[in-house]
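In order, the protein sequence lines correspond to chains P and Z. Mapped onto our numbering, the consecutive letters of the first sequence carry residue numbers 21 to 313. Mapped onto our numbering, the consecutive letters of the second sequence carry residue numbers -15 to 628. The beta-carbon is built from N, C-alpha and C at its ideal position, and this holds for glycine as well.
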Amino acid sequence: MSAWLRVLIALSLPLAVGLGVGWAAEPPAGAAAFAPCSDCHDTLVPQFLGNAHATASTRLVGKAICEACHGDGTKHAEEGGDKSLIKVPTGAEGAKVCMSCHHDGPAFAHSATSLHGVAAVNCTDCHTVHAAAATPLLKAKTAELCVSCHLEQKSLFGKPYAHRLGRGGIECTSCHNPHGGPGIDQSLKKTAAGELPCLSCHPETRGPFVFTHVTGIAGNCMSCHEPHGSNNDKMLTRAHVDQLCLECHTMLPAGLLGPQPPSLHDLRSPRYTNCTSCHVAIHGSNSSPMLYR
Amino acid sequence: MAKRFPYLLALLLVLGWAAAAGAQSTQFTLEFGYQWVNVSGNDGVYRTQVNEKQSAVLHSFSFTSFGSSGGSLFDRLRIDAGDLGTTQGSFRLEAGLAHAYSLRLSYRHAELYDALPDFANPLLADGVTIGQHTLDRTTDSVDLNLEIIPGHMFTPLVNYRWLRYSGPGTTTVHLGEDEFRLNSDYGETSQEFEAGVAFHIGTFAGSVLQGWRKFDASERESLLGGAGGGNNTRPVLGQDITLTGDTASTTSDGTFPMTNAYVSGTVTDGVRLVGSYVRADMHSDTESFENATGSLASFMLGRFFTGLSESVVARSESLNWRGEARVEVEPVDGLQLVAGYTKNHRDQDGLSTIGDLYANAVTFSGGDLRNISTLLTATTAMQRDEDLLELRASTRNLGPLQLWAAWGDAKQDLTVTPAAAEIVVPGGQGGHFTRDVKLYSAGADLKIATVTLSLDWKKDDADNAIVRTDYLTQERWRARAAWTAGKFLRLVATGEDIKAENPTAGIERDVTTKHWGADVEITPVKPLLVRLGYGDYKVDSTTIIRQPQDFSLTDSIYTEDGTSKEAAVAYSFARGSVEAGASRFENTGNLELKLDRAYARVDVDFTKAWGALLQYEKRKYEETLLPIANFDANWYGVFLRYRY
């Protein structure tokens, strides 16, 4: 089956599901449901109607939809739209409002204690509730949004060998979970099998292998690669392959993992300074203990 | 991809039309056109770094439909697509019907190319300027997430992921005391299916998902034409080492279960519990065959031989699981205390039965021997556990100053049992290792008017190293300042200082990374935006290594000293915008290079519906020590836009 046929079949799913359950659904909220707020905030309604908040709140009608986040707007309306009389949820207080609904799913379970959470980065620093430039309700595309704070990562992506951020669906959120996750490496978005996100797109390195190398034993992909961008080929952390390898494969002092190469590996010969010329299956092998194939 | 482009475009239009027919409101943008690429210099390096190609492009597609009424298939539909037709394209669909379903579907296409002159190329000094390890492969992936009756007490969940990675390449095989270049054709397909339910009962919510991953991988290799001489042109013990033929095939597959569970809930006011569990019981089965003929030698056997027939049957098993429990307490409003415990476990066993048949084996002194047949059963085993205990306190919403501090203890326990066949120089292949890392961190965040200042500190102290690149102490300082002066100025500056070391005699590892950057955006008049950026990046790393040829000690030193400078200007007018910018990245140290980039973009609306986008990008790459890698590339794009 071709890839495109699979895409077509997948695309037909929403239609099939919709046919199956659509008849039972409640009609969604229209613009009229936002009255009387929409009498003044007429430009916000079409923006808001286009996002998930509007369709998720069909049990609410009238100004109750707006008041779910902004609180009682009666006085605000009576005083001709006095901004001081309406709650605009921002900062930590705004995060509480968002989390009053978004506390359920695993996606947000760690948000309060995530690196962003403790550093007082709140929901509305990245998200916009009414109209969004990008999904999911983001102020900008993630490639632009994240680097507006993380300048150090921005310059790493500017190095010669780097993932092409913003192209082909590669975004910061392809690998990172801005809302945090469990464990020590909480910002990484693990696969369904609990593996590092790198393996989502690089299946040939995933294994499991009979003769495994670093991954999953003493280190991980980042032991040798710089995922954000590197000056070196293959996004390696070192310019010379032999030095990268020998930093672990040196037998002094004893008692550490990493065997010493035998003496025939004469580093004065270019053949031996390019370790992966022979040890081609460097991520792991099922047939060669020396990772030759 | 280019052949499929019209079909995808048609599909997007049909979907858009179908949705628009019943919708109360729709937004639609289609941007399509053509792109050209002109490269002078090393095309392989350009394609490895950038890999743009000349093609028709669906540059951007965005469709939003909402507010359909009565019996519709969805009340929310959003389709986004970008760069389809190029080497990196993506498609995303989100559809939903309130209280009926919510669906996300995404597709990604990436063409991966790698052909560098110097990577693992022992023949570079001989003037062979294309490396031996190249690939020209594609990745296509589809992700589907479906929630049925979202927002109800029980919500069935279905997830599906399909991934195909395939294409040709070249590699090498180490055989008969030489390396020979091979053609390689690799293909791997993996599918993951998950089904489960999300629940919301009282104050508790969670989900349970049971999934399966199935993968099939195969690789076929054959000797590249003209590569029979190998890398080593000198004779081995007076005899030329050559290969007249080599064919190899390897197939691997596996089907295994994965479990994901999560629950969180509030037990009393201000006390929240969170638990999660992930388990994957992975395995792979592999069969491999290789036949080689030539004039070959084996130091391990102490023999010359003229042929090798090898067969391998292997099975690898890996059980991974991770469990976490956490309690969050808010004793007073704004103060949060968290205690968490996470345990990671990985258990791996490998078994490989390798049969080798050597043809016409003779001793190095010339004596005839019968064929040598070996049957080697290699087993490996590894078990790794990590226990992490974390305590954290943070303040929120207590005025302009936020504070947090955390303490953690990560205990690593690792047992590696190596294959007997792996041991060449005794030691370092296996054993039992433990490492205890104490984790300390703290931070502060101050917001006064339009100024934000952040500072965080992290220090890890380990009692031991497992591999030589492990640190005993690692300390990181990070600072950030942002200032906004109305709509006129926005300034952001960040700095980071990381120091990791292991002073143990014989290792003496010392790594320092210093990194700072600043971005300023100035809007002197409303339609004009000027942006300037500067970044400075320094790495200085040293450790002792032992050179294999004479076991002498030397330093492995790696340094980087990079600066990036960037300037851009954008001007908006009633019917569009003009934007242009340039940047330079320069690095000295172990690899001296310069990367200049420039871009221009003109976006014009002819009418309310029709517009055009012109784009240009230049990339010039120069390496001081290896000018053969240099390239100068120009990319042009012309796109027509329609929207309503």
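Query                                                                                                                                   : Result
Beta carbon proximity, Gly111 of chain Z to chain P, threshold 8 Å                                                                      : no
Beta-carbon contacts of Ser297 of chain P that lie in its chain and below 7 Å, excluding the five residues immediately before and after : Arg291
Test: Tyr424 of chain Z CB closer than 8 Å to a CB of chain P                                                                           : no
Proximity of Tyr85 of chain Z and Glu131 of chain Z at Cβ, strictly below 8 Å                                                           : yes
Inter-residue Cα distance where the pair is Ser194 of chain P and Arg464 of chain Z                                                     : 25 Å
DSSP-derived helix/strand/coil call for Val34 of chain Z                                                                                : coil
Contact with chain P by Val316 of chain Z, beta-carbon distance below 8 Å                                                               : no
Strand pairing of Phe164 of chain Z, partner residues [DSSP]                                                                            : Z:Val157
Integer Cβ distance of Ser236 of chain Z from Ser268 of chain Z, believed to fall under 8 Å                                             : 5 Å
For Tyr97 of chain Z, the residue or residues it bridges with in DSSP                                                                   : Z:Asp120
Neighbour flag for Pro48 of chain P against chain Z, beta carbons, 8 Å                                                                  : Residue placement at Pro48 of chain P is poorly supported in this model, since its pLDDT is 44, which falls under 50; the coordinates still yield a value, given next. Chain Z, which has a Cβ nearer than 8 Å to the Cβ of Pro48 of chain P, makes this yes.
Any C-beta of chain P under 8 Å from that of Ser174 of chain Z                                                                          : yes
Span separating the alpha-carbon of Met310 of chain P from that of Gly334 of chain Z                                                    : 14 Å
Distance between Thr453 of chain Z and Ile302 of chain P (C-alpha atoms, nearest Å)                                                     : 18 Å
CB contact below 8 Å: Met271 of chain P versus chain Z                                                                                  : yes
Min CB distance Thr226 of chain Z to chain P below 8 Å                                                                                  : no
Buried versus exposed call for Ala238 of chain P [16 or more other C-beta atoms within 10 Å across all chains shown]                    : buried
Three-state secondary structure (DSSP) of Val509 of chain Z                                                                             : coil
Pairwise C-alpha distance: Ser300 of chain Z and Glu205 of chain Z                                                                      : 23 Å
Expected contact under 8 Å - CB spacing of Tyr149 of chain Z and Pro223 of chain P to nearest Å                                         : 5 Å
Limits of the unbroken alpha helix (DSSP H) element including Phe177 of chain P                                                         : Leu171 to Phe177
Extent of the continuous alpha helix (DSSP H) run through Lys254 of chain P                                                             : Note, Lys254 of chain P: premise wrong, no alpha helix (DSSP H); not H, not E.
Chain P contacts made by the segment 444 to 461 of chain Z, where a contact means CB separation under 7 Å                               : Ala449, Ile450, Val451, Arg452 and Thr453
Bridge-paired residues (DSSP) for His267 of chain Z                                                                                     : Z:Glu301
Closer than 8 Å to chain P by CB, Arg204 of chain Z                                                                                     : no
Proximity of Asp64 of chain Z and Gly80 of chain Z at Cβ, strictly below 8 Å                                                            : no
Euclidean distance between Cα positions of Phe289 of chain Z and Ala94 of chain Z                                                       : 44 Å
Reduced DSSP category for Phe128 of chain P - H, G, I as helix; E, B as strand; rest coil                                               : helix
Beta-carbon proximity of Pro56 of chain P to Ala88 of chain P, cut-off 8 Å                                                              : no
Touch test, the segment 115 to 134 of chain Z against the segment 149 to 163 of chain Z, Cβ-Cβ under 8 Å, three pairs minimum           : yes
Short Cβ contact (8 Å threshold) for Gly324 of chain Z with Glu308 of chain Z                                                           : yes
Proximal residues of chain P, C-beta to C-beta of Trp388 of chain Z below 7 Å                                                           : Val138
Touching by the beta-carbon criterion (3+ pairs, under 8 Å), the segment 109 to 120 of chain P and the segment 137 to 149 of chain P    : yes
Start-to-end residues for the alpha helix (DSSP H) that takes in Val138 of chain P                                                      : Leu135 to Val138
Same chain, Cβ closer than 6 Å to Thr193 of chain Z, neighbours up to 5 away in sequence not counted                                    : Reading off the sequence, residue 193 of chain Z comes out as Leu, not Thr. Around Leu193 of chain Z: Glu178, Gly180 and Asn244.
Between the CA atoms of Tyr455 of chain Z and Gln67 of chain P - distance to the nearest angstrom                                       : 52 Å
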